[in-house]
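See below for the structure under consideration.
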Amino acid sequence: MKKTIILLSLIGIIISGKSYSQDVHFSQFYATPLQINPAMTGVFDGVARISNSYRSQWTGLGKGYSTIHFSADAPVGKGNLGTNFFGAGLLLYQDKAGTSAFKHTVLQGSLSFTAAMDGVGDHFFSVGFQGGLNQFALDLTKTTWDSQWNGDDFDPSLNSFESIQLQQFSYLDLNAGVLYYYVPDGDNTFSAGASLSHIGSPNVSFFTESDAPLRRKITVHGGGDFVLNKDKTSWIDPRFMVLMQGKQTETMLGGYIKNKVQFKSRYTNFRKEAYFYLGGFYRINDAGILSARFEYNTLGLGLSYDFNASNLSRLGGSANAFELNISYIAPVKRGQREKQFNKMPRFL
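Offset between the sequence shown (1-based) and our numbering: plus 13.
Structural data, given as structure tokens:
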């Protein structure tokens, strides 16, 4: 057990000091639009959108990864600029891992502009930019080293002979993206986009005289909602995402079957609609993902579980991951729906 803790600490330090090979990712990636592509900012049917996610990964391996995510965005000028509008949003997330309490914290603002590509308003193109403050940090008081074991016990008073110069540092980061979406009617949508992250390749080393540029990341994604029956009660929602950062590539493929469920009010005879999603994804050479989502009025709840399929799968459930998403979309008021065009793709 001691060797495992030491190994995890060393892995955390190595990751923190030099490579940072991949950014945080979510299995329910469609529920974190600002984290994927800033061009998706403000692109939804509503006046405000809030998304919260929590991910717990590799909990059985010492202290695994835990990630929290929060984003809020809104369209700006919608209905006052013809079929064009702006979007503004805020993204905050923190990734924490290992016995060294390694943390990566991100706070960024997003701006986007969306324009119709035809007079009808079926085809749209968006461009977005995102920038803000990032911070890496670790707590060296929680680490252990071979030189601090006296043969029988761990002695924190012994010199570790390690020369990590910084325990935290911050840097500015810039991302950009584009998005195309096609919404011919209220029942079928399609969207595809791409983004470039870490445009300036900032230095992310814990050593003052070391150069460790953060590799640029390219994200390509797409998906849609396609109605399956004349009653318009079932849809198929295919989705994909490809991440490319340095020599690393991550590909996710999958989707949902979405069904509409109606609830009849006991007192007013008014029918309320809800949607239930059930599906799965495959992160190639890494994990199979079972996912479900329930939406009622303006609220959404998503759950997913990753079954590791990589070499870590030999460790059983210790290498799996759990994820929770809660979202809210504030609806357009009834008196304003005629003023606003509401042909929007669905990401949540």
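Every residue gets a Cβ at the ideal spot worked out from N, C-alpha and C, and that includes glycine.
* Are there 16 or more other CB atoms within 10 angstroms of the CB of ASP86, so buried, or fewer, so exposed? -> The residue in question, ASP86, is buried, as its Cβ has 16 or more Cβ neighbours within 10 Å.
* Asked: Does DSSP classify PHE219 as helix, strand or coil?
  -> coil
* Asked: In whole angstroms, what is the alpha-carbon distance linking TRP248 and ALA110?
  -> 38 Å
* Can you give the beta carbon distance from ARG252 to TYR43, rounded, assuming they're within the 8 Å contact cut? -> 6 Å
* Within this structure, are the beta carbons of PHE39 and ASN333 separated by less than 9 Å? -> no
* Helix, strand or coil for ILE81 per DSSP? -> strand
* Asked: Is SER84 closer than 9 Å to LEU105 when the C-beta atoms are compared?
  -> yes
* Asked: Whose CA, out of LYS245, GLY90, HIS82, lies closest to the CA of SER340?
  -> HIS82
* Pull up the distance between the alpha-carbon of THR246 and that of GLY190, whole angstroms please. => Across the structure, THR246 and GLY190 are spaced so that their CA atoms are roughly 33 Å apart.
* Asked: Assuming ILE49 contacts SER208 under a Cβ cut-off of 8 Å, what Cβ separation, rounded to an integer in Å, is found between them?
  -> The Cβ separation is near 7 Å, so the contact holds.
* Asked: Using DSSP with H/G/I as helix, E/B as strand and the rest coil, what is GLN70?
  -> strand
* Own chain, CB closer than 8 Å to PHE301, minus 5 neighbours either side, in chain order -> The sequence as given places Gly at residue 301; Phe does not occur at that position. Setting aside the 5 residues that flank it on each side, GLY301 is surrounded in the same chain by GLY293, PHE294, TYR295, ASP319, PHE320, ALA322, each with a C-beta closer than 8 Å to its C-beta; the list follows chain order.
* Give the single residue among PHE360, GLU336, ILE342 whose Cα lies nearest to the Cα of TRP71. => The option with the nearest alpha carbon to TRP71 is GLU336.
* **Counterpart residues of TYR269 in DSSP-defined beta bridges** => ASP250, GLY292
* Through-space distance from PHE360 to THR54, alpha-carbon basis -> 11 Å
* Host beta strand (DSSP E) of LEU337 (start-end) -> 334-343
* Neighbourhood of TYR309 by C-beta, 7 Å cutoff - its chain only, sequence neighbours within 5 removed -> Excluding positions up to five away in sequence, the list reads ALA287.
* Asked: Going by C-alpha distance, which of LYS273, VAL240, LEU151 is nearest GLY199?
  -> VAL240
* Tell me whether ALA63 sits in a helix, a strand or coil according to DSSP, three-state version. => Looking at the sequence shown, residue 63 is not Ala but Ile. Strand, per DSSP.
* What did DSSP end up calling SER34 once you bin it into helix, strand or coil? -> Any answer about SER34 is weak, because its pLDDT of 44 lies below 50 and its placement is not dependable; what the coordinates show is given next. The answer is coil: DSSP assigns SER34 none of H, G, I, E or B.
* Asked: In chain order, what residues of the same chain have a beta carbon less than 8 Å from the beta carbon of GLY213, not counting five sequence neighbours either side?
  -> LEU185, ASP186, LEU187
* With a 10 Å radius around its C-beta and 16 neighbouring C-beta atoms as the bar for buried, classify THR262 as buried or exposed. => exposed
* Just curious, the alpha helix (DSSP H) that ILE297 is in, first and last residue? -> No alpha helix (DSSP H) contains ILE297, which DSSP labels as neither H nor E.
* In DSSP terms, what ALA287 is bridged to -> VAL274, TYR309
* To do: On a CA-only basis, which of ASP152, TYR290, GLY90, HIS117 is nearest ALA61? Give me that one, please.
  => GLY90
* Relative to the alpha-carbon of MET130, which residue among THR96, SER183, ILE297 has its alpha-carbon at the smallest distance? -> THR96
* **Counted within 10 angstroms of its Cβ, other Cβ atoms place LEU146 as buried (16 or more) or exposed** => exposed
* To do: Classify ALA114 as helix, strand or coil using the three-state DSSP reduction.
  => coil
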